[in-house]
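Colleague: Just dropping this structure here.
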Amino acid sequence: MGFRQAALLCSICFFLGILFINFNVDHQVLFMIKTPKAIEQGYEYYTTFLRAPLAVKALMHTLMGVGLLSLVASFTTWTDSALFFDGTSIALYVCTLAMYISVAIPSIRTVVDPLPEDSAQDREEALGLLGAANVLMALLLVLILGLQAGQEYAKRVDKREMDRIREEEAKELAAGKTSGEGKGEDKKNQ
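Sequential numbering of the sequence shown, starting at 5, is according to this note's numbering.
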């Protein structure tokens, strides 16, 4: 595993950790009976999340960029493996970023700072939408991890196969030299 793949894995694991922490709130809204207490906990949690210091937001967005840059950098090798695995990973990562920008950010803003025309029902729906977006983003990131693991597995299988072929060629070459030496000695004796 190289530096680019390690940077991508660190970035993805960081965001999976954040989404896992968010899931503690999201599962109460998405998969359980909605209670006023669960909804209020969701509001409080995401208010704290949005009002986090600027350094936390900068770290999150920097790691998003690191993940995307490492994928683009590994895609520049133009091998079949890079085209399939890294190309698909880029598509999934872009979908994750698009969902974050177009769904998660507006939803969290609606939950925390609703507009005057937003009702309590709108805030509750935004909380559910935010939870669903978080779950979908986590699934997309897990798919990227699966693709990266598949790429590493394919590289190792390919390397093993190439080593086996080289070994067979070396044995054939050694067997050809041995039989060729015997023929040369027979000609000298005649």
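Note that beta-carbon positions come from the ideal geometry of N, C-alpha and C, so glycine has one too.
1) For the alpha helix (DSSP H) containing Asp30, list its first residue and its last residue.
2) Helix, strand or coil for Asp167? Go by DSSP, reduced to three states.
3) Tell me which residue opens and which closes the alpha helix (DSSP H) that Ile94 is part of.
4) Specify the secondary structure class of Leu87 as computed by DSSP and reduced to three states.
5) Cα separation between Ala137 and Trp82?
6) Taking C-alpha atoms, which residue in His31, Glu44 and Thr100 lies nearest to Arg127?
7) Out of Gly132, Leu67, Glu48 and Asp167, point me to the one whose CA is closest to Ile22's CA.
8) Applying the criterion that 16 or more other CB atoms from any shown protein chain within 10 Å of the CB defines a buried residue, is Thr100 buried or exposed?
9) Go to Leu119, then tell me how far its alpha helix (DSSP H) extends in each direction, as first and last residue.
Modeller: Looking at the atomic coordinates:
1) Segment Phe7 to Leu34, the alpha helix (DSSP H) holding Asp30.
2) In the three-state scheme derived from DSSP, where H, G and I count as helix and E and B as strand, Asp167 is classed as helix.
3) Ile94 -> alpha helix (DSSP H) spans Gly91 to Met103.
4) Helix, per DSSP.
5) Straight-line Cα distance between these residues: approximately 32 Å.
6) Nearest option by C-alpha distance: Glu44.
7) Ile22 has its Cα closest to that of Leu67, out of Gly132, Leu67, Glu48 and Asp167.
8) Counting of Cβ neighbours within 10 angstroms places Thr100 among the buried residues, the total reaching 16 or more.
9) It is not in any alpha helix (DSSP H) - Leu119 carries neither H nor E in the DSSP assignment.
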